[in-house]
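Colleague: Protein chains in written order, with this note's numbering: chain A, 1 to 317; chain B, 318 to 601; chain C, 602 to 845.
Backbone N, C-alpha and C define an ideal beta-carbon position, used for all residues, glycine too.
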Ligand SMILES: Nc1ncnc2c1ncn2[C@@H]1O[C@H](COP(=O)(O)OP(=O)(O)OP(=O)(O)O)[C@@H](O)[C@H]1O
Ligand SMILES: [Mg+2]
């Protein structure tokens with residue numbers, strides 16, 4: 001792979017970010033780390049959404065469906081059948097990718113607003129089905145709790161979640177900078193024209209769906225083992241979808257870095273507000289912020305910072 | 318059994334038609350999907366509840382207040398959000414979804430998270446051959462037919478109605494013929510809010526009030542648009558009946574828990590087989 | 602090579618009750634320039650859509666280099682050497698001119714798409730070959746004039762190195778100078794790369810010097826063909842254009 005100058009400069013930033021986050025446990029307590037762990041999982045989900053929807057314009061309202069498949073697969077395999085985690089987690093990722101194919105089929109025929117609705121329907125179906133189909137296996141409405149954890153303690157979990165998120169982030173970010181990334185965003189702008197430049201858009205889309213599903217699967221599987229439980233409520237819910245969407249959009253869709261920033265911002269803000277606003281008020285507040293930002297500045301926080309950076313450079317000159 | 322399915326199917330479909338009409342209007346005139354539509358339904362229910370059961374106002378006044386709230390909120394959605402994003406249906410879809418979750422949070426903040434039971438608009442049960450139907454749901458079905466009939470007449474016989482139809486069929490053409498499309502949009506959004514609120518009162522008496530209640534009616538509305546295709550009132554009515562009957566049949570014959578699943582499967586099936594809806598792109 | 606480069610046989614396309622193309626047959630030889638003219642709604646763009654597999658024909662066959670490609674999907678046809686421009690230019694709106702060209706140059710191979718970096722020099726070269734200045738390579742389509750947008754489509758096509766280029770209304774919305782530039786460009790490309798063209802145009806004056814042969818369409822069928830001069834003198838053609 002050829003890496004150009006700009007990419008190298010950015011990679012230095014990535015590295016700095018990685019080093020900083022690795023040193024963080026030296027300075028902050030386990031409470032803060034636990035908050036950041038949630039940010040890391042949210043970032044994985046938001047990046048997964050971004051790679052599919054931010055890039056190709058196929059807006060998914062069903063990411064909880066994918067995440068849930070990953071979570072349920074490893075939960076059921078490990079808890080009900082005693083399958084070891086090093087097998088159940090990869091199996092969860094594969095299952096999510098199969099689910100991603102289900103997602104992909106409608107994308108062959110419809111796009112835009114209708115596609116989003118079909119994916120929403122997928123999520124709702126799974127919500128209903130986990131409650132009634134084979135409740136002995138899925139745990140029905142209550143779900144499954146008491147799942148095995150991978151590592152224990154805030155510090156270990158912090159490093160684990162950060163490591164996965166960081167790896168996913170760097171890989172996705174490198175991917176969107178390749179010609180493949182360019183072709184994927186061309187699909188968002190004009191799919192027909194992409195075809196008439198000699199690309200099989202079916203192949204490109206399938207790739208985007210598979211990558212997005214795999215990331216959701218990894219995130220979902222590690223997430224349920226971290227929190228130790230899974231249930232239809234909280235998983236296949238519009239509020240969860242909302243959190244993912246808002247993290248991606250707030251940070252800035254189509255950039256991968258944006259969703260990471262959005263996830264940190266959202267989680268930290270949420271925690272910071274917890275003492276003042278214990279309940280739904282927080283959703284009110286950050287939903288409100290997200291709406292205003294979305295209407296005024298659709299490109300998100302990342303673009304605000306990028307602009308500020310550019311201004312700084314101009315100013316220094 | 319057959320009779321029960323028939324009766325239940327009809328009343329349920331009537332309610333669904335009422336729920337969907339305000340959503341379909343927006344879609345056929347503005348070509349955008351308003352995912353905050355479920356909020357008008359929720360708002361209608363809660364305002365009616367607050368006026369009637371908390372403030373002790375009479376039924377009629379409570380109804381009017383609910384409708385006013387729907388109209389106001391419909392207009393606000395359009396003016397503050399949709400108009401700014403109008404050329405981009407996906408942005409509208411995303412932002413109205415966020416708005417819906419925000420409003421859900423607001424409802425919890427104001428009314429609390431515990432579900433509330435609403436009194437039926439009218440009391441009484443009609444019994445017939447061992448099947449019982451509440452007067453309330455019969456009234457809902459009646460109102461639904463009146464609203465749809467009224468809307469059809471409005472669109473056919475009034476100047477404003479014809480203008481709305483013109484815009485829904487051909488925006489550019491309508492502009493040329495001297496109709497102000499942004500005024501038409503405002504009227505449509507106000508009407509959509511009103512219909513949502515009316516439907517909300519009945520829907521809430523049919524189930525109960527809680528902060529998640531906007532999701533199900535929204536899904537029904539989306540299903541009606543998808544199954545019926547864009548625009549036609551008759552198409553929506555037929556679609557509402559298909560959905561209502563499919564649901565009644567699944568819940569009575571297969572399993573009551575599958576209530577939502579059949580509708581979802583129907584949506585997916587229709588989108589895959591006939592993306593334009595069963596009745597194509599007809600006029601309003 | 603024996604036989605025409607592209608041949609359509611009894612091509613048909615209906616949209617519901619509208620018969621946009623009804624039983625059209627013609628061929629283009631390698632290196633030839635064919636004009637396709639006809640009044641609005643005659644079905645010219647539909648023919649292009651059919652040749653590119655952007656629409657499925659209701660009936661008939663399409664052959665390219667002696668192969669029946671009627672069932673071949675769009676991107677495979679592009680790989681075999683057919684490309685088109687659109688009547689209304691369809692740039693990738695949020696990408697620079699260079700990135701637009703890059704999409705055209707990218708191979709239809711996921712592995713290569715990821716591992717092979719962009720060749721900025723080659724992009725600039727293609728841009729230059731259709732008349733873009735080096736500064737314009739970094740501009741967005743929204744900043745371009747109509748003439749430049751048509752150039753951009755040409756560039757994207759050049760990037761896929763076609764043998765046959767379908768040009769839909771290449772002169773529409775252009776100033777006289779832009780028309781002259783595009784015409785020059787077409788002649789130049791043909792001389793260098795031996796391209797074959799099918800050109801749809803309402804601007805007959807601009808079309809006349811370029812074409813070897815013209816087909817006139819009306820209501821989805823060919824009503825006349827021959828050299829430009831023969832065709833414009835044809836009574837049926839005058840009737841189709843001026844009649845009603
Ligand atoms: N996707 C479509 N759906 C329905 N009808 C279509 C479609 N595309 C074209 N038509 C109809 O087919 C006929 C031929 O259209 P076409 O665009 O091919 O004409 P044209 O010769 O390119 O005209 P123009 O000179 O205006 O570009 C017209 O009546 C048009 O309305
Ligand atoms: Mg045309």
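Show which residues of chain B have a CB atom less than 8 Å away from the CB atom of residue 106 of chain A.
Modeller: Correct list: 585, 588 and 589.
Colleague: Under a three-way DSSP split, which group does residue 583 of chain C fall into?
Modeller: Because chain C is modelled from 602 through 845, residue 583 of chain C falls outside the range shown and cannot be assessed.
Colleague: Within 10 angstroms of the Cβ of residue 845 of chain C, are there 16 or more other Cβ atoms? Answer buried if so, exposed if not.
Modeller: At residue 845 of chain C the pLDDT is 46, less than 50, meaning the model places this residue with poor confidence and gives no usable figure here.
Colleague: Got a sec? Which residues, its chain only, sit under 6 Å from residue 825 of chain C by beta carbon, not counting five neighbours each side?
Modeller: Hits under 6 Å: 817, 832, 835, 837 and 838.
Colleague: Is it the case that the CB of residue 769 of chain C approaches a heavy atom of ligand 2 more closely than 7 Å?
Modeller: Yes; taking the cut-off as 7 Å, the Cβ of residue 769 of chain C has a heavy atom of ligand 2 nearer than that.
Colleague: Going by alpha carbons, who is nearest to residue 653 of chain C out of A:198, A:203 and A:111?
Modeller: Comparing Cα-Cα distances from residue 653 of chain C to each of A:198, A:203 and A:111, the minimum goes to A:198.
Colleague: What first and last residue would you give for the beta strand (DSSP E) that runs through residue 664 of chain C?
Modeller: Here the beta strand (DSSP E) through residue 664 of chain C covers 660–665.
Colleague: Within 8 Å (strictly less), CB to CB, does residue 577 of chain B reach chain A?
Modeller: So yes, residue 577 of chain B belongs to the interface.
Colleague: What's the C-alpha gap between residue 450 of chain B and residue 443 of chain B?
Modeller: Each residue's Cα considered, the two are about 5 Å apart.
Colleague: Counting only the same chain and skipping the five closest in sequence on each side, list residues whose C-beta sits under 7 Å from that of residue 412 of chain B.
Modeller: Excluding positions up to five away in sequence, the list reads 398 and 402.
Colleague: Starting from residue 558 of chain B, trace the alpha helix (DSSP H) both ways and give me its first and last residue.
Modeller: Taken as a continuous stretch (DSSP letters only), the alpha helix (DSSP H) holding residue 558 of chain B covers 550–566.
Colleague: Under 8 Å between C-beta atoms, does residue 723 of chain C make it to chain A?
Modeller: Judged by the 8 Å Cβ criterion, residue 723 of chain C is not in contact with chain A.
Colleague: Could you pull the start and end residues of the alpha helix (DSSP H) that residue 124 of chain A belongs to?
Modeller: Start and end: 112–132.
Colleague: Candidates C:678, C:819 and C:807: which alpha carbon is nearest residue 655 of chain C's?
Modeller: The candidate whose alpha carbon is nearest that of residue 655 of chain C is C:678.
Colleague: Given that residue 655 of chain C touches chain A, what residues does it touch there, using C-beta distances under 9 Å?
Modeller: Those within 9 Å of residue 655 of chain C in chain A are 192, 195 and 196.
Colleague: Hey, how far is the Cα of residue 149 of chain A from the Cα of residue 138 of chain A?
Modeller: Those two C-alpha atoms are separated by around 19 Å.
Colleague: Establish whether the CB of residue 410 of chain B and some CB of chain A are separated by less than 8 Å.
Modeller: It does: the Cβ of residue 410 of chain B has a partner Cβ on chain A nearer than 8 Å.
Colleague: Decide yes or no for the touch test of the segment 275–292 of chain A against the segment 50–57 of chain A: beta carbon pairs closer than 8 Å, at least 3 of them.
Modeller: Too few Cβ pairs lie closer than 8 Å, so no.
Colleague: Residues of the segment 231–242 of chain A with a CB closer than 7 Å to any CB of chain B: list them in chain order, please.
Modeller: So the list reads 238, 239 and 242, given in the order they occur along the chain.
Colleague: Are the Cβ atoms of residue 390 of chain B and residue 360 of chain B separated by less than 8 Å?
Modeller: Yes, they are a contact pair.
Colleague: Can you check which of these residues, A:66, A:196, A:304 and A:307, is closest to residue 209 of chain A by C-alpha distance?
Modeller: It is A:66 whose Cα lies nearest to the Cα of residue 209 of chain A.
Colleague: Using the rule of at least 16 other Cβ atoms within 10 Å of the residue's Cβ for burial, across every protein chain shown, is residue 767 of chain C buried or exposed?
Modeller: Its Cβ being crowded by 16 or more others within 10 Å, residue 767 of chain C is buried.
Colleague: How would you label residue 127 of chain A, buried or exposed, when you count the other beta carbons within 10 angstroms and need 16 or more for buried?
Modeller: That one is buried.
Colleague: As a quick exercise: from A:23, A:170 and A:112, pick the residue whose alpha carbon is nearest that of residue 8 of chain A.
Modeller: Of the candidates A:23, A:170 and A:112, the one whose C-alpha sits nearest the C-alpha of residue 8 of chain A is A:170.
Colleague: What is the DSSP secondary structure of residue 830 of chain C, reduced to helix, strand or coil?
Modeller: If DSSP states are grouped into helix, strand and coil, residue 830 of chain C belongs with the helices.
Colleague: Listing by chain order, which chain B residues have their CB less than 7 Å from the CB of residue 288 of chain A?
Modeller: Near residue 288 of chain A (Cβ distances below 7 Å), the residues of chain B are 419.
Colleague: Beta-carbon of residue 406 of chain B versus every beta-carbon of chain A: anything under 8 Å?
Modeller: Chain A contact via Cβ: present.
Colleague: Does chain A have any CB closer than 8 Å to the CB of residue 793 of chain C?
Modeller: No, residue 793 of chain C does not count as interfacial toward chain A.
Colleague: Quick one: measure Cβ to Cβ for residue 346 of chain B and residue 499 of chain B, integer angstroms, because I've assumed they're closer than 8 Å.
Modeller: So it is not a contact: roughly 11 Å between Cβ atoms.
Colleague: To which residues of the same chain is residue 567 of chain B closer than 7 Å at the C-beta, ignoring the five residues directly before and after it?
Modeller: So the list reads 575 and 579, once near-sequence residues are dropped.
Colleague: State yes or no: is the C-beta of residue 365 of chain B within less than 8 Å of the C-beta of residue 344 of chain B?
Modeller: No, the pair does not count as a contact, with Cβ atoms beyond the cut-off.
Colleague: Is residue 800 of chain C helix, strand or coil when you go by DSSP?
Modeller: Residue 800 of chain C: strand per DSSP, three-state reduction.
Colleague: Consider the Cβ of residue 210 of chain A: report whether some Cβ of chain C lies at a distance smaller than 8 Å.
Modeller: For residue 210 of chain A, the answer is no, since every Cβ of chain C falls outside 8 Å of its Cβ.
Colleague: Listing by chain order, which chain A residues have their CB less than 8 Å from the CB of residue 648 of chain C?
Modeller: The contacting residues do not exist; residue 648 of chain C stays about 15 Å from chain A at best.
Colleague: Count the other CB atoms within 10 Å of the CB of residue 840 of chain C; is the residue buried (16 or more) or exposed (fewer)?
Modeller: With fewer than 16 other Cβ atoms within 10 Å, it is exposed.
Colleague: Going by DSSP, which residues form a beta bridge with residue 847 of chain C?
Modeller: In the structure as shown, chain C starts at 602 and stops at 845, and residue 847 of chain C therefore has no counterpart that could be examined.
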